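The numbering used here numbers the first residue of the sequence shown as 468 and each following residue consecutively.
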Amino acid sequence: MKSAVYPVILSGGAGSRLWPVSRRAHPKPFMQLLDGETMAEKTFRRALRLAADGPVMTVTSRDYFFYTRDLYEGVDERVSRHPFLLEPMGRNTAPAIALAALEIQAQQGSDAIMLVMPADHLLRDEDSFIAAAGEAVALAARGYLVTFGVYPTHPETGYGYIRRGRGLADSTGFEVAAFVEKPDLETAQGYLESGEYHWNSGMFCFTAGGFIEALERFAPEVAETAKACFSDMDRSDQPLEIPAKRFARCPSISIDYAVMEKADNCAVVVGDFGWSDIGTWRAMAELYDSDEAGNSIHGKAVVVESRDCFIQSEQRLVAAVGVDNLVIVDTGDAVLVADRDKAQDVKAVVDQLSAGAHEAAVYHKTVHRPWGRYSVLSDEADCKVRRITVKPGQVLALQLHERRSEHWTVLSGAAKARIDEREIQLKAGDMLSIPAGTRHRLENTGAVDLQLVEVQVGEYIGADDIVRFEDVYGTPESKT
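What follows is the structure, given as structure tokens:
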């Protein structure tokens with residue numbers, strides 16, 4: 468690619484159809500695929516190739532920022548050169564891209580070319596995508612709003628489609644004749660047979676100024692609110708945080724509805740990149756090889772007289788006898804058993820769990836925090852046991868609990884504990900009890916991870932029994 472490209476990664480959304488692995492606090496971009504790498508890491512690697520050693524912008528939320536940055540650091544140790552734009556709440560893709568475009572325009576000018584991609588899509592042929600991106604960049608430089616179409620391999624009803632129009636001069640791209648909503652099966656079969664329709668990949672390429680102009684024309688309320696947010700934003704430091712009050716007034720609308728379906732200068736570059744949005748467990752199962760009976764097994768499982776099953780269990784042994792066409796996923800604290808043909812309906816499970824305020828809708832047994840992570844080892848009505856890992860130099864919030872006491876046992880590392888106004892040095896083997904109503908804070912003062920076991924005891928140990936006084940990470944009250 469001759470022109471500089473500024474990749475923008477959109478990292479949000481719960482991925483609830485991939486529960487119980489994807490959860491609100493640890494969503495789809497953070498899911499590890501079978502090669503051990505997350506989709507967020509794969510997308511970041513791809514963006515680095517496109518950027519040719521330039522910066523990669525990521526639009527995400529504060530809840531996901533710290534863990535995303537940690538993942539990126541494992542890919543590029545110069546992570547501080549890559550800007551983050553933090554949304555206070557989700558407002559779909561058009562506002563997110565608008566703020567990214569305004570920042571890129573301010574830094575690089577209106578003609579700067581941005582390439583937008585979701586963090587949770589998989590491309591198995593990245594070389595083909597890089598070549599297609601070169602075509603898209605050339606068209607964006609000519610003033611087109613470019614989207615990427617994918618050759619359909621089957622009559623899929625879960626994707627939107629793009630109908631291509633005439634071929635464009637000096638390009639392998641096409642005019643966009645129409646954007647089409649998700650079809651029924653019969654219509655999707657017709658699209659497949661026609662050869663003129665392509666899956667809408669949700670990836671885009673255009674100049675920053677060109678997108679802002681289109682937004683001003685077709686979605687002026689989004690453009691106006693985004694500009695107001697940008698004007699109020701403190702751009703002197705990273706990460707860039709979008710002002711919550713103004714952003715809350717922004718319409719929640721996708722880029723397709725806001726701009727692409729209305730504009731007359733849209734182009735599509737079509738390719739076969741091995742693309743999948745991995746939107747369901749059925750789509751996940753199709754990524755991997757299966758045995759002669761059609762079973763795809765990952766982890767600990769035994770199958771007897773069973774066919775076409777996808778089983779994933781890393782902790783416990785799963786046995787399937789005389790069953791067909793099932794998805795079985797065991798995460799240790801939750802088990803999903805679903806007909807593969809009903810994989811789209813897993814979201815209904817999450818909706819029910821959320822309605823009942825069940826923690827399994829939000830958290831795994833292991834929860835990542837900006838300062839480290841914790842794993843719940845036992846959870847009873849009056850006692851919870853957690854194994855806590857604090858990264859070197861990190862400090863937890865100064866807080867108290869009114870209805871429970873806490874008891875710490877240090878397994879390894881060195882720490883400084885603040886108990887009311889006292890400071891206590893801790894090392895491996897030390898134990899410390901914190902009565903209810905006592906202000907306390909923990910800091911890792913060593914050069915390696917601090918490991919401890921925490922036992923919470925009391926009449927009530929809910930996550931909302933917490934009063935915070937100081938927190939460098941701005942963690943919401945209900946999080947521990």
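All residues carry an ideal CB built from backbone N, CA and C; glycine is no exception. Being a predicted model, the structure only gives us computed values, none of them experimental.
- Got a sec, what are the start and stop residues for the beta strand (DSSP E) M727 sits in? Walking along the sequence shown from the start, residue 727 turns up at place 260. That residue, M727, is in no beta strand (DSSP E); it is neither H nor E in DSSP.
- Query: Is there contact between the segment 883-902 and the segment 821-834, where contact requires at least three CB pairs shorter than 8 Å?
  - Reply: Segment contact: the segment 883-902 against the segment 821-834, fewer than three CB-CB distances shorter than 8 Å; contact not assigned.
- Query: According to DSSP, what are the bridge partners of N667?
  - Reply: Here the question's residue 667 lines up with position 200 in the sequence shown. For N667, which the question treats as bridged, DSSP gives the partners G616.
- Message: Taking its Cβ as the centre, do 16 or more other Cβ atoms sit within 10 Å of Y534, making it buried, or is it exposed?
- Response: If you number the sequence shown from 1, residue 534 lands on position 67. So Y534 counts as buried.
- Throw me the rounded Cβ distance for the D849 and E926 pair, which I believe falls under 8 Å. For the purposes of this step, residue 849 is identified with residue 382 of the sequence shown, where counting begins at 1. For the purposes of this step, residue 926 is identified with residue 459 of the sequence shown, where counting begins at 1. Confirmed, Cβ separation roughly 7 Å.
- Query: Would G746 be called buried (16 or more neighbouring beta carbons within 10 Å of its own) or exposed?
  - Reply: Your numbering for residue 746 matches position 279 in the sequence shown. The residue in question, G746, is buried, as its Cβ has 16 or more Cβ neighbours within 10 Å.
- V970 versus L485, V472, G479, L477, residue with shortest Cα-Cα distance: Residue 970 cannot be examined here, being either before or after the span of the chain that is shown, 468 to 947.
- Please list, in chain order, all residues of the same chain as Y658 whose beta carbon is under 6 Å from its beta carbon, the five residues on each side excluded. Locating residue 658 in the sequence shown gives position 191, where the first residue counts as 1. Counting only Cβ-Cβ distances below 6 Å, and skipping sequence neighbours, we find Y628, Y664.
- Task: Pull up the CB-CB distance for P859 and D808, whole angstroms please, since I reckon it's below 8 Å.
- Result: Locating residue 859 in the sequence shown gives position 392, counting from the first residue. Locating residue 808 in the sequence shown gives position 341, counting from the first residue. In fact, because the Cβ distance is near 49 Å, the residues do not count as touching under 8 Å.
- Out of D806, A675, R630, which has the shortest C-alpha to C-alpha gap to S661? Here residue 661 is taken as the residue at index 194 of the sequence shown, counted from 1. With distances taken between Cα atoms, S661 lies closest to R630.
- Please say whether M556 and I476 have beta carbons closer to each other than 8 Å? Here residue 476 refers to the residue found at position 9 of the sequence shown. Here residue 556 refers to the residue found at position 89 of the sequence shown. In this structure, M556 does not lie closer than 8 Å to I476 by Cβ.
- Task: Return the first residue and the last residue of the alpha helix (DSSP H) that V915 is part of.
- Result: In the sequence shown, the residue the question calls residue 915 occupies position 448. Per DSSP, V915 belongs to no alpha helix (DSSP H) and is neither H nor E.
- Item | L635 in three-state terms, based on DSSP | Taking the sequence shown and counting its residues from 1, one reaches residue 635 at position 168. Three-state result, L635: coil.
- Using beta-carbon positions only, say whether L582 and P474 come within less than 8 Å of one another. In the sequence shown, the residue the question calls residue 582 occupies position 115. In the sequence shown, the residue the question calls residue 474 occupies position 7. Yes, they are a contact pair.
- Does the beta-carbon distance from V613 to A734 come in below 8 Å? Here the question's residue 613 lines up with position 146 in the sequence shown. Here the question's residue 734 lines up with position 267 in the sequence shown. In this structure, the beta-carbon distance from V613 to A734 falls below 8 Å.
- Would you report the Cα separation of T620 and R633, rounded to the nearest angstrom? Translated into positions along the sequence shown, residue 620 becomes position 153. Translated into positions along the sequence shown, residue 633 becomes position 166. Here the alpha carbon of T620 sits roughly 22 Å from the alpha carbon of R633.
- Query: Is there contact between the segment 726-745 and the segment 574-581, where contact requires at least three CB pairs shorter than 8 Å?
  - Reply: Short answer: they don't touch.
- Query: Is it the case that the Cβ atoms of L867 and H907 are separated by a distance below 8 Å?
  - Reply: As a position in the sequence shown, residue 867 is number 400, starting the count at 1. As a position in the sequence shown, residue 907 is number 440, starting the count at 1. Going by C-beta atoms, L867 is nearer than 8 Å to H907.
- Task: Drop a sphere of 10 angstroms on the beta-carbon of V829, count the other beta-carbons inside from all chains shown, and report buried for 16 or more, exposed for fewer.
- Result: As a working mapping, residue 829 is identified with position 362 in the sequence shown. It counts as buried.
- Beta-carbon proximity list for T639, same chain, < 6 Å, skipping 5 on both sides: Working through the sequence shown from its first residue, we reach residue 639 at position 172. Counting only Cβ-Cβ distances below 6 Å, and skipping sequence neighbours, we find E602.
- Buried or exposed by the 16-neighbour rule on C-beta atoms within 10 Å, applied to R702: Looking up residue 702 in the sequence shown gives position 235. The residue in question, R702, is exposed, as its Cβ has fewer than 16 Cβ neighbours within 10 Å.
- Task: Examine the Cβ distances between the segment 796-816 and the segment 881-890 and report whether three or more of them are shorter than 8 Å.
- Result: Taking 8 Å as the limit for Cβ pairs, the verdict is that the segment 881-890 does not touch the segment 796-816.
- Please list, in chain order, all residues of the same chain as A586 whose beta carbon is under 6 Å from its beta carbon, the five residues on each side excluded. What you label residue 586 is simply residue 119 of the sequence shown in a count that begins at 1. Taking C-beta separations shorter than 6 Å and ignoring five residues to either side along the sequence, the partners of A586 in its chain run I476, S478, P496, A507, T510, following chain order.
- Query: At what residues does the alpha helix (DSSP H) containing V604 begin and finish?
  - Reply: As a first step, residue 604 must be located in the sequence shown, where it is residue number 137. DSSP places V604 inside the alpha helix (DSSP H), whose first and last residues are 593-608.
- Task: Quick one: measure Cβ to Cβ for W748 and A805, integer angstroms, because I've assumed they're closer than 8 Å.
- Result: Translated into positions along the sequence shown, residue 748 becomes position 281. Translated into positions along the sequence shown, residue 805 becomes position 338. Contact annotation, W748 with A805: C-beta distance approximately 7 Å; criterion of less than 8 Å satisfied.
- Item | Rounded distance between the beta-carbons of S743 and L589, thought under 8 Å | Mapped onto the sequence shown, residue 589 falls at position 122. Mapped onto the sequence shown, residue 743 falls at position 276. Contact between L589 and S743 holds, with the beta-carbon distance rounding to 5 Å and staying under 8 Å.
- On a CA-only basis, which of Q705, G839, T654 is nearest T525? Give me that one, please. Position 58 of the sequence shown holds residue 525. The shortest C-alpha to C-alpha distance from T525 to any of Q705, G839, T654 is the one to Q705.
- Task: Compute the beta-carbon to beta-carbon distance between A645 and T624, rounded to the nearest angstrom, for a pair I have assumed lies under 8 Å.
- Result: Numbered from 1 along the sequence shown, position 178 holds the residue referred to as residue 645. Numbered from 1 along the sequence shown, position 157 holds the residue referred to as residue 624. So it is not a contact: roughly 18 Å between Cβ atoms.
- Task: Have a look at L863, F671, I679, R840 and flag the residue whose alpha-carbon is nearest the alpha-carbon of R853.
- Result: Residue mapping note: residue 853 aligns to position 386 of the sequence shown, counting from 1. The residue with the shortest Cα to Cα distance from R853 is R840.
- Query: Quick one: what's got a C-beta closer than 7 Å to D932's C-beta in the same chain, skipping five residues either side?
  - Reply: Locating residue 932 in the sequence shown gives position 465, counting from the first residue. Same-chain partners within the cutoff: H868, E869, R870, R871.
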